[in-house]
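Colleague:
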Amino acid sequence: MKKYLILLIASMLLSLTRTGAAEMTKEPDSAYIFAYASLKNGGRNGLHFAWSIDRKKWHAIGPEYSYVRCDYGTWGAQKRMLTPFLFYGPDSLWHAVWSVNETDGVVVHVTSKDLVYWRRQSYPILMQKENCLLPALSFDKEHGKFIVEWKSTNGGADATYYRSSTLDFKNYTPPEPVAKATFDNRHTIRLENGEENGTVHKVSWNVIKGLLQAQQQAAYEQELWSEKTADDGIRFASLKPVDVEVQIDVENKKKISDLLMGVFFEDINYAADGGLYAELVQNRDFEYRLSDKKGSDTSWHSYKAWSLKGGKGTFKIDSISPLHPNNAHYAILNIEKAGTALVNAGFDGIPLKAGERYNVSLFARNLQEKARALLIRLTDEHGKLLGEARIQAIKGNWRKYEAAISVKADATKASLEIIPQEAGEIALDMISLFPEKTFKGRKNGLRADLAQTIADLHPRFVRFPGGCVAHGDGLGNMYRWQNTIGPLEARVPQRNLWNYHQTAGLGYFEYFQFCEDIGAEPVPVVPAGVPCQNSSTGGAGQQGGVPMADMEAYIQEVLDLIEYANGDTHTVWGKKRAEAGHPKPFNLKYIGIGNEDLISDIFEERFTMIFNRVREKHPEITVIGTVGPSFEGTDYTEGWLIANKLQVPMVDEHYYQSPGWFIHNQAYYDKYDRSKAKVYLGEYAAHLPGRPSNLETALAEAIHLTSLERNGDVVSMASYAPLLAKEDHTQWKPDLIYFNNTEVKPTVSYFVQQIYGHHAGDIYLPTQIRLSNTEEAVKKRLAISVVRDTKSGDAIVKIVNLLPVSTRVALNLEPLGNISTDALKISLAGNPEDEALRPKSTPIAVTKNFKDELPAYSFTVLRFKIVD
Ligand code: AHR
Numbered sequence: 038m039k040k041y042l043i044l045l046i047a048s049m050l051l052s053l054t055r056t057g058a059a060e061m062t063k064e065p066d067s068a069y070i071f072a073y074a075s076l077k078n079g080g081r082n083g084l085h086f087a088w089s090i091d092r093k094k095w096h097a098i099g100p101e102y103s104y105v106r107c108d109y110g111t112w113g114a115q116k117r118m119l120t121p122f123l124f125y126g127p128d129s130l131w132h133a134v135w136s137v138n139e140t141d142g143v144v145v146h147v148t149s150k151d152l153v154y155w156r157r158q159s160y161p162i163l164m165q166k167e168n169c170l171l172p173a174l175s176f177d178k179e180h181g182k183f184i185v186e187w188k189s190t191n192g193g194a195d196a197t198y199y200r201s202s203t204l205d206f207k208n209y210t211p212p213e214p215v216a217k218a219t220f221d222n223r224h225t226i227r228l229e230n231g232e233e234n235g236t237v238h239k240v241s242w243n244v245i246k247g248l249l250q251a252q253q254q255a256a257y258e259q260e261l262w263s264e265k266t267a268d269d270g271i272r273f274a275s276l277k278p279v280d281v282e283v284q285i286d287v288e289n290k291k292k293i294s295d296l297l298m299g300v301f302f303e304d305i306n307y308a309a310d311g312g313l314y315a316e317l318v319q320n321r322d323f324e325y326r327l328s329d330k331k332g333s334d335t336s337w338h339s340y341k342a343w344s345l346k347g348g349k350g351t352f353k354i355d356s357i358s359p360l361h362p363n364n365a366h367y368a369i370l371n372i373e374k375a376g377t378a379l380v381n382a383g384f385d386g387i388p389l390k391a392g393e394r395y396n397v398s399l400f401a402r403n404l405q406e407k408a409r410a411l412l413i414r415l416t417d418e419h420g421k422l423l424g425e426a427r428i429q430a431i432k433g434n435w436r437k438y439e440a441a442i443s444v445k446a447d448a449t450k451a452s453l454e455i456i457p458q459e460a461g462e463i464a465l466d467m468i469s470l471f472p473e474k475t476f477k478g479r480k481n482g483l484r485a486d487l488a489q490t491i492a493d494l495h496p497r498f499v500r501f502p503g504g505c506v507a508h509g510d511g512l513g514n515m516y517r518w519q520n521t522i523g524p525l526e527a528r529v530p531q532r533n534l535w536n537y538h539q540t541a542g543l544g545y546f547e548y549f550q551f552c553e554d555i556g557a558e559p560v561p562v563v564p565a566g567v568p569c570q571n572s573s574t575g576g577a578g579q580q581g582g583v584p585m586a587d588m589e590a591y592i593q594e595v596l597d598l599i600e601y602a603n604g605d606t607h608t609v610w611g612k613k614r615a616e617a618g619h620p621k622p623f624n625l626k627y628i629g630i631g632n633e634d635l636i637s638d639i640f641e642e643r644f645t646m647i648f649n650r651v652r653e654k655h656p657e658i659t660v661i662g663t664v665g666p667s668f669e670g671t672d673y674t675e676g677w678l679i680a681n682k683l684q685v686p687m688v689d690e691h692y693y694q695s696p697g698w699f700i701h702n703q704a705y706y707d708k709y710d711r712s713k714a715k716v717y718l719g720e721y722a723a724h725l726p727g728r729p730s731n732l733e734t735a736l737a738e739a740i741h742l743t744s745l746e747r748n749g750d751v752v753s754m755a756s757y758a759p760l761l762a763k764e765d766h767t768q769w770k771p772d773l774i775y776f777n778n779t780e781v782k783p784t785v786s787y788f789v790q791q792i793y794g795h796h797a798g799d800i801y802l803p804t805q806i807r808l809s810n811t812e813e814a815v816k817k818r819l820a821i822s823v824v825r826d827t828k829s830g831d832a833i834v835k836i837v838n839l840l841p842v843s844t845r846v847a848l849n850l851e852p853l854g855n856i857s858t859d860a861l862k863i864s865l866a867g868n869p870e871d872e873a874l875r876p877k878s879t880p881i882a883v884t885k886n887f888k889d890e891l892p893a894y895s896f897t898v899l900r901f902k903i904v905d
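Position 547, counted from 1, in the sequence shown is what this note's numbering calls 584; the numbers after and before it change by one each time, with no gaps.
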């Protein structure tokens, strides 16, 4: 505790020195603030403030602390705040407007009561084809309207000034040209680091105090949250092993969620195609496009992963007479002399196992009169034949042909060869190779080892298909579930927002089937009628929401999904499910609407429409709303306000934070109002600089999970993110499970999730804990959770020790009743930077006064049988 007080005082003193201690002792009634944004980082650093008593000497706060940042447009390219203008309105609100870039006819408008918390942003389009620079605001008292003025350079050097009026910052009058700017009273102020341009305002000293406190609080939290085990040698220099006495309080037990531990599957890092989806042929449909990677890779097109080998012939892509309009491209092989092979290289090669069977299928159309045969071969990287099959008599119209190949030897980088047996022309599409041994032997199934690794977590639910993949990069890229069901050749492949190609072979049917196969609740997430706020195509960021005229059809799509999952076989969509091979309903209970969207008016309108209709038509379905990408901030607060207003039953929270954040935020959910929405923590992970996945991050997550169990009456579900990552195709780190074509590599975090999954409970038992060392830094690194699992009757104690010393635990088991002497101990321990640890399970003999010494940096689970 002492340490934290010292830190707080030090940080305050530091900021007093920075701002001038003498000035702070005699606080004035009022002073001046200067609001500005620097051009550093391309103008992406947000709104800063400086203050002054005399308008001569200015003190920059932070010195460049950001009070609000721009959320307009594409991540990386946009998010700029240029020339902000601050204005105090007659509505007692601070209004800020700014320009977003040099080209768009858009300004940003946002309000705040105290300059610290800023409400949702809006992005009115004031000019259709011209830019909006140097926006400024005033109020026309006579007409009771706000006036916005701006300069437009019309693409040239000559500037024209415009103005528009608004009552509500939602509707604006058409722009009127004006002779010159009338109220742009920006000033250039010299600060310590140079000159900046912005607006100056006289405010009460309390406003400045609020600004200073917000920055000091943020700096203080930053100190705490950046704590790492690398500094433990100094932080805990003289620390001795800690004694821990645990008393279990069975009287105050409470019911907690039995769905807490689940997984979130997103097609990121090649998680689906080339990953969990067992298809071994890359670009089987010849639908790869330059636009999948936004033109950044010139080899990424219909020919990707395909080549011609041997003989004499040509291979071209055509789209005149496709197999299906949704799958327009196909290959035409023109063979002059038999022996030429069309070769697929797979995803980094095709992995094969000796003695196993592989199923080939393809669509072909013979463009010659004479019927023809195809030889299908699997060869290793040296050209050695591993297995082959023949397809006879290809007809003149598109038909599907199938064959099975038994493989003679293991290979990691095999190729698939299609060899026409006579000269002539033949069209081919949807060339596919699946191992026969998919997970649970499903057709069009999943890679068995990867799927099993997920199943081994014992997840109670699976959220899918994203993530950002769900809301998509622009309106046209939103994940539309109907595009991903039915015959593979009729599904709609599309650009994966993570910069590759999505075949939709792993689609909604397969997701539902997988959930059923592993006994997990399906939790599909549909877009809330808005694409990702960071979109780069089809409108700036979230501006391109589904047009109101199309919302009815969009809502129907969401209702149809529920019918597809649950409707009986006489319904339109239930029938389609039955045709796909699953007449029984999938028993869908949850549906997510939106993924960490920017909470704007555009979002709220659409979310409300979808939510109200789903609730009205399907009160049995729990709708999960969304509250932005962080544990705090505007989207979080505004998202929760919407959830409270609409009485949304559950919201999806996301946060990726440092281990220090998890250590210092164990009480995060203790304060949650139990009468409001339940929480689904849909995405979280501990991130260290460099983004490793090691024992330190895993223990931080284990600590958080103890507090999720303690708050299991309000936190219903939680899933680490992301789940899968293929080596050499990873866009995001860390991930729970890494893999390549032949190996699966679970991380330490995986084992923490697995241990929690296997040793979950549905009753929480509070504890009283006495430590021999009560320093705050010590207390916060020891976390304990006790649950009971009603099904087995077992009591489970989880202890996380994130200290560099061992803990001697004394656990009084008396309150649990009759304990069997046979218990189980699972332990995960090592050095914080260890990345390849495995848990150890040992049967142990116990008495009612259980004592054990648990190593430094460890996670221990004790499972006790109760014999009544
Ligand atoms: O988990 C990776 C990404 O993180 C998800 O797609 C998105 O929801 C979040 O920003």
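All C-beta atoms, glycine included, are put in the ideal place defined by N, C-alpha and C. As the structure is a computational prediction, the values presented were derived from the model and not from experiment.
Please state whether DSSP places I522 in a helix, a strand or coil.
Modeller: coil
Colleague: Looking only at its own chain, which residues have a Cβ that is under 8 Å from the Cβ of P65, when we skip the five neighbours before and after it?
Modeller: Sequence-distant Cβ neighbours of P65 in its own chain, meaning closer than 8 Å and more than five residues away, are I90, W242.
Colleague: So for K477, helix, strand or coil by DSSP?
Modeller: helix
Colleague: Assuming F887 and L850 make a contact with CB atoms under 8 Å, what is their CB distance in whole Å?
Modeller: In this structure F887 is in contact with L850, their Cβ atoms being roughly 6 Å apart against a cut-off of 8 Å.
Colleague: For the ligand AHR, any of its heavy atoms closer than 7 Å to the Cβ of H691?
Modeller: yes
Colleague: Could you check which residue in D355, I372, R517 has the C-alpha nearest to that of A365?
Modeller: For the options D355, I372, R517, the alpha carbon positioned closest to that of A365 is the one of D355.
Colleague: Please confirm whether R106 and G79 have their CB atoms less than 8 Å apart.
Modeller: no
Colleague: If I measure Cβ to Cβ from L423 and keep anything under 7 Å in the same chain, skipping five residues before and after, which residues do I get?
Modeller: Excluding residues within five positions, the ones whose Cβ falls inside 7 Å are L389, L415, T416, D417, V444, K445, A446, A448, A451.
Colleague: Below 8 Å on the Cβ atoms is my guess for V397 versus I413; work out the distance and round it to an integer in Å.
Modeller: With a beta-carbon spacing of about 5 Å, V397 and I413 fall inside the 8 Å limit used to define contacts.
Colleague: Rounded to a whole number of angstroms, what is the C-alpha to C-alpha distance between E547 and E780?
Modeller: If you take the alpha carbons of E547 and E780, they lie about 23 Å apart.
Colleague: Quick test of your reading: Y757 and E738, contact by CB under 8 Å. State the CB separation rounded to the nearest angstrom.
Modeller: 7 Å
Colleague: Using 10 angstroms around the beta-carbon of E733, count the other beta-carbons present and answer buried if the total reaches 16, otherwise exposed.
Modeller: buried
Colleague: Could you round the C-beta distance between Y793 and V751 to whole angstroms and report it? I think they count as a contact, below 8 Å.
Modeller: At roughly 17 Å, the Cβ-Cβ gap does not stay under 8 Å, so Y793 and V751 are not in contact.
Colleague: Going by beta-carbon coordinates alone, are I305 and G629 separated by less than 8 Å?
Modeller: no
Colleague: Is any heavy atom of the ligand AHR found at a distance shorter than 7 Å from the C-beta of P666?
Modeller: yes
Colleague: State the CB to CB distance for the pair I695 and S730, rounded to an integer number of angstroms; the pair is presumed to be in contact (CB under 8 Å).
Modeller: The question names Ile, yet the displayed sequence has Ser at residue 695. Incorrect: roughly 14 Å between the Cβ atoms, too far for contact.
Colleague: If you compare alpha carbons, which of L228, I903, I293 is closest to D799?
Modeller: The alpha carbon of D799 has as its nearest neighbour, out of L228, I903, I293, the alpha carbon of I293.
Colleague: Roughly how many angstroms separate the alpha carbons of Y199 and L171, rounded to a whole number?
Modeller: 11 Å
Colleague: Using the rule of at least 16 other Cβ atoms within 10 Å of the residue's Cβ for burial, across every protein chain shown, is Q252 buried or exposed?
Modeller: Q252 is buried by the Cβ-count criterion.
Colleague: Tell me the DSSP bridge mates of E600?
Modeller: Note: E600 sits in no beta bridge, so no partner.
Colleague: Run the CB neighbour count on D269, radius 10 Å, all protein chains shown included, and call it buried at 16 or more, exposed below.
Modeller: buried
Colleague: As a quick exercise: from S864, A832, D871, E872, pick the residue whose alpha carbon is nearest that of L853.
Modeller: A832
Colleague: Does the beta-carbon of I455 have 16 or more other beta-carbons within 10 angstroms, so that it is buried, or is it exposed?
Modeller: buried
Colleague: Measuring straight from C-alpha to C-alpha, what distance separates T659 and K246?
Modeller: 44 Å
Colleague: Do M754 and L297 have their C-beta atoms within less than 8 Å of each other?
Modeller: yes
Colleague: Answer yes or no: the CB of G504 versus the heavy atoms of the ligand AHR, is any distance below 7 Å?
Modeller: It does: the Cβ of G504 is within 7 Å (strictly closer) of some heavy atom of the ligand AHR.
Colleague: Are the CB atoms of I162 and V143 nearer to each other than 8 Å?
Modeller: yes
Colleague: Which of helix, strand or coil does DSSP assign to V785?
Modeller: helix
Colleague: Do V283 and L808 have their C-beta atoms closer together than 8 Å?
Modeller: No, they are not a contact pair.
Colleague: Can I907 be considered in contact with the ligand AHR, in the sense that its beta carbon sits closer than 7 Å to one or more heavy atoms?
Modeller: This structure does not reach residue 907, given that the chain is present from 38 up to 905, and the question cannot be answered.
Colleague: Can you list, in chain order, the residues of its chain with a C-beta nearer than 6 Å to that of E167? Leave out the 5 residues immediately preceding and following it.
Modeller: G142, S189, N191
Colleague: Take A820 as the anchor and find which of H180, H741, W535, S136 has the nearest alpha-carbon.
Modeller: H741
Colleague: Among the candidates F549, G509, G727, whose CA atom is the shortest distance from the CA of R532?
Modeller: G509
Colleague: List the residues that DSSP assigns as beta-bridge partners of I468.
Modeller: I468 pairs with nothing; no bridge assigned.
Colleague: Can you give, in chain order, each stretch of the beta strand (DSSP E) that sits fully within the segment 822 to 895 and has at least 3 residues?
Modeller: 832 to 838, 844 to 849, 856 to 866, 877 to 882, 886 to 891
Colleague: Could you check how far apart the C-beta atoms of S994 and L76 are, in whole angstroms? I think they sit under 8 Å.
Modeller: Within the shown structure, residues of the chain are numbered from 38 to 905, placing residue 994 beyond reach of any answer.
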